[in-house]
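Undergrad: Residue numbers (the working numbering): 30 to 208.
Dropping the structure in here first, questions after.
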Amino acid sequence: MRLADADRSARRSGVQHTRLRPAITVRATAAALLTATVLAGCSAGVGKSPEQARGSVVEFVEGSTDVVGDGWEVGEGPGLGKCGFGLGQGGVQYVYAKVRSASADPKADVEAVEQHWKELGVATERYQTGGEDPILGVRGRGGPVESSDFRADSRGYTIDGSSLCVAGDFDKMSLDGQN
Numbered sequence: 030m031r032l033a034d035a036d037r038s039a040r041r042s043g044v045q046h047t048r049l050r051p052a053i054t055v056r057a058t059a060a061a062l063l064t065a066t067v068l069a070g071c072s073a074g075v076g077k078s079p080e081q082a083r084g085s086v087v088e089f090v091e092g093s094t095d096v097v098g099d100g101w102e103v104g105e106g107p108g109l110g111k112c113g114f115g116l117g118q119g120g121v122q123y124v125y126a127k128v129r130s131a132s133a134d135p136k137a138d139v140e141a142v143e144q145h146w147k148e149l150g151v152a153t154e155r156y157q158t159g160g161e162d163p164i165l166g167v168r169g170r171g172g173p174v175e176s177s178d179f180r181a182d183s184r185g186y187t188i189d190g191s192s193l194c195v196a197g198d199f200d201k202m203s204l205d206g207q208n
């Protein structure tokens, strides 16, 4: 029996044709997951103002520098940047960085910063460059900020963070001097 004959026979007997159901189910599931992922990625900054985003990244970086001692200076910011807030919507976020000279035990400092971030709900990942004098570090995502990084280089330390993306008009805010 050919496939076409089997299909005609199944239709005449009242059996429902189900070959397309798995494909439709997979497509519907994929669409739902994509929608949930997009909305979850954008929802972290929903309801927060640009001022709150700025304050949260400053507080996060300052708290992180406190974990590894004094002597920190502002390296950058807090500076205003663009980000994608939602489907077709632009948003704003702030970037803030502090720098200082290295300490005698960069490995212990990376461990201390990583532990502090984990306590704040940040997902962390350690890294190390190659070579004789590697740079140690830890990257973070989530928690009170979008992303963060601590680089423990023998030439100096840097801690930076990017705030959550919030609704805001970057061009207008830049012209108004709100960076």
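We treat Cβ as the ideally placed atom computed from N, Cα and C, and that holds for glycine.
(1) Taking the alpha helix (DSSP H) that Thr153 falls in, what are its first and last residues?
(2) Hey, could you find the ends of the beta strand (DSSP E) Val124 is sitting in?
(3) Which residue comes first and which comes last in the alpha helix (DSSP H) that contains Ala181?
(4) Alpha carbon to alpha carbon, how far is Gln118 from Val174? Give it in angstroms, no decimals.
(5) Consult DSSP for Glu161 and reduce its assignment to one of helix, strand or coil.
(6) Is Val103 helix, strand or coil when you go by DSSP?
(7) Can you name, in chain order, every residue of its own chain whose Cβ lies under 7 angstroms from the Cβ of Gly171, other than the five neighbours on each side?
(8) So what's Gly169 in DSSP terms, helix, strand or just coil?
(9) Could you give the residue range of the alpha helix (DSSP H) that holds Gly92?
(10) Tell me the DSSP secondary structure of Asp189 in three-state form.
(11) Between the alpha carbons of Tyr156 and Asp178, how many angstroms are there, rounded?
TA: The structure says:
(1) On the sequence shown, residue 153 is found 124 positions in, with the first residue counted as 1. Unbroken run through Thr153 is the beta strand (DSSP E), 152-157; no alpha helix (DSSP H).
(2) In the sequence shown, counting from the first residue as 1, residue 124 sits at position 95. Looking at the DSSP string, the run of the beta strand (DSSP E) that includes Val124 is 118-129.
(3) As a working mapping, residue 181 is identified with position 152 in the sequence shown. Unbroken run through Ala181 is the beta strand (DSSP E), 176-182; no alpha helix (DSSP H).
(4) The residue you call residue 174 lines up with position 145 of the sequence shown. The residue you call residue 118 lines up with position 89 of the sequence shown. Computed Cα separation, rounded: 20 angstroms.
(5) Residue 161 sits at position 132 when you count from the first residue of the sequence shown. Reduced to three states, the DSSP call for Glu161 is coil.
(6) For this step, residue 103 is matched to residue 74 along the sequence shown. Here Val103 sits in strand by DSSP.
(7) As a position in the sequence shown, residue 171 is number 142, starting the count at 1. Residues Gly150, Val151, Ala152 of the same chain have their beta carbon placed closer than 7 angstroms to that of Gly171, with the five preceding and five following residues left out of the count.
(8) The count along the sequence shown starts at 1 and reaches residue 169 at position 140. Three-state DSSP puts Gly169 in a strand.
(9) Stepping through the sequence shown from its first residue, residue 92 is reached at position 63. Its alpha helix (DSSP H) spans residues 79-96.
(10) Residue 189 sits at position 160 when you count from the first residue of the sequence shown. It is a strand residue.
(11) Taking the sequence shown and counting its residues from 1, the one referred to as residue 156 is at position 127. Taking the sequence shown and counting its residues from 1, the one referred to as residue 178 is at position 149. In a straight line, the C-alpha of Tyr156 is about 10 angstroms away from that of Asp178.
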